[in-house]
Structures are given as structure tokens and as C-alpha cells.
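Heads up: the sequence shown is residues 1 to 365, going by the UniProt record's numbering. Glycine is no exception: its CB is placed at the ideal position from the N, C-alpha and C atoms. Below you'll find the structure, written out as C-alpha cells, and then a few comments.
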Amino acid sequence: MREILKGLTVYTKTGKSLFDITIDGGVISDIKNSEESCGTVVLPGFIDTHIHGFGGYGTEDCSAESILKMSENLIRFGITSFFPTIYTDTEEKMIRSIRAVSEAKGKEKGAEIAGIHIEGPFISPDKIGAQNPLGRKDPSAEWFLKYLEAGGGLVKAMTIAPELPGIEEVALEAKKQGVVLLMGHTNCKYAEAIHGYNSGITHATHLFNAMRGLSHREPGTVGAVLTTDMTCEIIADGLHVNQQLTKYIFDTKTSDKVCIITDSLKPTEQEEGPFYANDVEVEIDNGLWVTKGRPELIQGSSLTMYKGFMNALNWGCSVYDASKMTSTTPARIYDLKNRGKIEIGYKADLVLLDEKTMQIKRVMF
């Protein structure tokens, strides 16, 4: 089916232009200059590469039906592609969670499952965060391949702590299999982070969170991200990482090397309680999911990608840079073909926004 969208505003590195965009069979087939604006901004659809759950459904359900419900719920917030993200847990539960995502692939009625992110289990016992410590283990190529087999080719990302013994064999296997390794849930020192980077861990999981803090004498993972070409995720809610520090990362690493993620939990945008995340009853406290009755125990994020995009704008980023961090850059890092840009031959995964209010008018996928 053909559709022509006329007078759309497209933001570029140098400004903005008006275009008529033709779509054939879900693919952009033509782009022409336009003379008159329709008052609508068009962006490539948001790509969330780190998300545990949404709308009352999550990967911890170990259910294809839950993953498909996530897909349906995410689309109205502008997400057209996502990586259901698997918690560190018992071997049996992790495998069931991964298989559930694989089973859901191809049946989506909303956001497309573009890959799986496995957050662990090769992580530091000192930086477990909200993961299940009983599932943590040291790196093993054998286990890495078991997870990949369960995913049926969908595993695109794995979080790993570079200070653990055996990272080299996992990094070697990951390179063969085309899996991006992320440095996270780690207590590594700077030298260990650099060793991990040189071994093939090229991306960082939710920068600043669940990692050794930055020190002028021991800069750790954050220092490695700042002094190398390593790319990184960041939770752009202004809560997990201070707003000014988040903007500093946007500016210093640039939109070519930063992915905005939500890391959102199962009850995010769930209409009615009770609310559970990874089998823990939670409640919202100052925008964060915390253990019910224990506000000091942060469980995770309630961010949406649209809110993360708008935060970036409100903190001084251009529309062009904010769009890169929510779509173009993750698509490039994970080699997601034909998405993340508004170009001929690319998927017509698009978010249409009112030019005055920047509210979402329509999501195409």
C-alpha cells in the first residue's frame, strides 16, 4: 500500500528542511523537497535496546504473550523496535525468558523485537543491583553459547563485567557470533576496563549505574568510556544520573556514541496495581520504582523513550542529536539494517510529532 506524507519537517545537522515522503509496503520509496509545511515533525522510530518490561508485562514472565503485549503497549510511546532485556536469574529462568522472546518474534502487532539484551549473568557480585545474585556466574563460552542457542539468533547484546576471569573467551565467541558486549554491573578499575575494551567489550551498560564511581585517582569504567571510543547507554530520566552530568555525557561523547535507553520495568505505564517488578512488589517514589515501603531500595526506571527524547531536548540537545541517540546510533551500534534513518530504502518506522507542541500525533511501523 502506498502513502504520501506531504510537508514534513525533517531535522538535520545544519537545520531543518521540508519533504514529501512516499511509503510503499512499509518502506520509504521516495523523498522530495516540499514547499509547504503541514506542521508535523518526522523522526525515525525510537529504538530501545534496554527494557525489561512495560504496561504490566515483562521478560520475567517467561511468556511470549507478555512480550507481545509489551510490543503493543510500546508503540504508542514512539518505540518501533526494542530489545527485551533478560535479568540475571537462575539458569532455568533465564533460558525460559530468552525462549519466550524468540517465540514471540514475528508475531508482533506493535514495536518489532529487533534483538535480545541479556543483562548478565557474567557480572560482579559487588554490583548486582536488582539482579538475582543466585544467577550470577563467571564468564564461560559454554554458557554464552547456551544462551545464544535459546535465543535462536536473536541475542544482540550481553552485559559483562570485565574484571571477571574468562572474559576473553566470551569476547572471542561474541565477535564470531556478532553479539555486542557491554561493560556493566562491574566494579572494575580503569586498567581492567581498558583491558575489557581491548578484548572487545565496546559498549557500556547504563553509564554510572551499577559500576564503580568515578574518582580522580581511580576512574574505573566511567573513565574508560570518557577516554576511549567506547559507546554507552544512559538512562535519561535525570534521576538515575544527574541532569547536568547526563548533558555533559551527551556533549562530550556526542550523539554518535550515546544511546538513550529506558531500562524500564514491568509496571511502567501499568494502569492499576498492585505493581511487581522481577517478583518484587514496588511503588513509585520520585519517579523511580522502589521496593514497596522501602524507598531506599531502588528497583529501576519508569522512563519512556518519548520522555527520554523530550528530556534531551529540554536539557539543550538539538532535535537532530536527540533523535540520533534514540534511534540512529543504537541502529548503527547493533547493525540493525534499514532502520534508524529517514532515507530511501529504509523501513518506514516513523514518529510524527506536532511541530509546536512536540506531542506524538502518529507512530508508523
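Extent of the continuous alpha helix (DSSP H) to which residue i belongs
{"i": "ARG362", "result": "First-last for ARG362: 360 to 364, but that is the beta strand (DSSP E), not the alpha helix (DSSP H)."}
{"i": "ASP321", "result": "319 to 323"}
{"i": "LYS16", "result": "Note, LYS16: premise wrong, no alpha helix (DSSP H); beta strand (DSSP E) at 16 to 24."}
{"i": "MET305", "result": "305 to 314"}
{"i": "ASP138", "result": "Counting along the chain, ASP138 falls outside any alpha helix (DSSP H), and DSSP gives it neither H nor E."}
{"i": "LYS247", "result": "243 to 253"}
{"i": "ALA171", "result": "167 to 177"}
{"i": "LYS69", "result": "64 to 74"}
{"i": "GLY220", "result": "220 to 227"}
When the options are compared against residue i, the one with the closest alpha-carbon
{"i": "ILE23", "options": "GLU355, ILE201, TRP315 and ILE342", "result": "ILE342"}
{"i": "VAL319", "options": "PRO330, LEU353, GLY300 and TRP289", "result": "LEU353"}
{"i": "THR40", "options": "TYR334, VAL27, GLY238 and LYS6", "result": "LYS6"}
{"i": "HIS117", "options": "MET183, ALA277 and LEU134", "result": "MET183"}
{"i": "TYR190", "options": "ARG217, ASP30 and GLY78", "result": "ARG217"}
{"i": "TYR306", "options": "LYS361, GLY273, LYS93 and ASN33", "result": "LYS361"}
{"i": "ASP48", "options": "HIS185, LYS324 and SER124", "result": "LYS324"}
{"i": "residue 383", "options": "ALA111, LEU207 and ASP251", "result": "Given a span of 1 to 365 for the chain in the structure shown, any question on residue 383 remains unanswerable."}
{"i": "THR315", "options": "LYS247, MET211 and GLU108", "result": "Position check: residue 315 holds Trp in this sequence, whereas Thr was assumed. Of the listed residues, the one whose Cα sits closest to TRP315 is LYS247."}
{"i": "GLY308", "options": "THR252, GLU173 and SER327", "result": "SER327"}
{"i": "GLU296", "options": "CYS232, ILE284, LEU303 and THR304", "result": "ILE284"}
{"i": "GLU60", "options": "ASN33, ILE95 and LYS32", "result": "ILE95"}
{"i": "MET158", "options": "VAL225, ALA174, THR329 and LYS292", "result": "ALA174"}
{"i": "ASP335", "options": "VAL180, LYS292 and MET230", "result": "VAL180"}
{"i": "MET211", "options": "ARG76, PHE46, PRO330 and ILE123", "result": "ILE123"}
{"i": "GLU271", "options": "TYR57, LEU8, PHE46 and LYS13", "result": "TYR57"}
{"i": "ARG136", "options": "LYS146, VAL170 and GLU119", "result": "GLU119"}
{"i": "ILE31", "options": "ILE4, PHE46, GLU91 and GLY15", "result": "ILE4"}
{"i": "GLY340", "options": "ASN132, ALA193, ASP321 and ILE128", "result": "ASP321"}
{"i": "ASP263", "options": "SER37, THR227, TYR87 and LYS356", "result": "TYR87"}
{"i": "VAL27", "options": "VAL101, PRO44, ASN33 and SER97", "result": "PRO44"}
{"i": "LEU172", "options": "GLN359, THR304, TYR197 and ASP256", "result": "TYR197"}
{"i": "MET70", "options": "THR304, VAL351 and THR329", "result": "THR304"}
{"i": "ASP89", "options": "ILE333, ALA130 and SER302", "result": "ALA130"}
{"i": "CYS232", "options": "GLU168, HIS203 and LEU214", "result": "HIS203"}
{"i": "GLY166", "options": "ALA141, LYS176 and GLY178", "result": "ALA141"}
{"i": "GLY300", "options": "VAL170, ASP229, ASN209 and ASN73", "result": "ASN209"}
{"i": "ASN168", "options": "ILE201, VAL282 and TYR147", "result": "Looking at the sequence itself, residue 168 is Glu, so the reference to Asn does not match. The shortest C-alpha separation from GLU168 is found at ILE201."}
{"i": "ASP256", "options": "VAL280, THR268, ALA224 and ALA331", "result": "ALA331"}
{"i": "LYS127", "options": "LYS356, ILE160 and PHE250", "result": "ILE160"}
{"i": "LYS356", "options": "VAL42, GLY106, THR14 and PRO267", "result": "VAL42"}
Limits of the beta strand (DSSP E) - the one that residue i falls within
{"i": "SER301", "result": "294 to 301"}
{"i": "TRP289", "result": "288 to 291"}
{"i": "ILE4", "result": "2 to 11"}
{"i": "ILE284", "result": "280 to 285"}
Residues that residue i bridges to, as DSSP identifies them
{"i": "ILE234", "result": "ILE260"}
{"i": "LEU182", "result": "THR159 and HIS203"}
{"i": "PRO44", "result": "LEU350"}
{"i": "LYS32", "result": "ASP20"}
{"i": "MET211", "result": "THR186"}
{"i": "GLY58", "result": "GLY53"}
{"i": "ALA277", "result": "VAL280"}
{"i": "SER81", "result": "ILE47 and GLU112"}
Cβ-heavy atom distance, residue i to the ligand MG, below 6 Å
{"i": "GLU163", "result": "By its list of ligands, the structure shown contains no ligand whatsoever, and the ligand MG lies outside what it can speak to."}
Could you name each continuous beta strand (DSSP E) segment of 3 residues or more that falls completely within the region 330 to 360, going from the start of the chain to the end?
350 to 354
Does the count of Cβ pairs from the region 52 to 63 and the region 14 to 21 closer than 8 Å reach three?
no
Ordered list of alpha helix (DSSP H) runs contained in the region 83 to 128, each at least 4 residues
91 to 104
Could you tell me whether the region 273 to 288 touches the region 233 to 252, where touching means 3 or more Cβ pairs closer than 8 Å?
yes
Check whether the region 273 to 281 and the region 62 to 72 are in contact - that is, three or more C-beta pairs closer than 8 Å.
no
Do the region 76 to 83 and the region 94 to 111 meet, that is, are 3 or more Cβ pairs less than 8 Å apart?
yes
The region 144 to 157 in contact with the region 185 to 202 per 3-pair CB rule at 8 Å:
no
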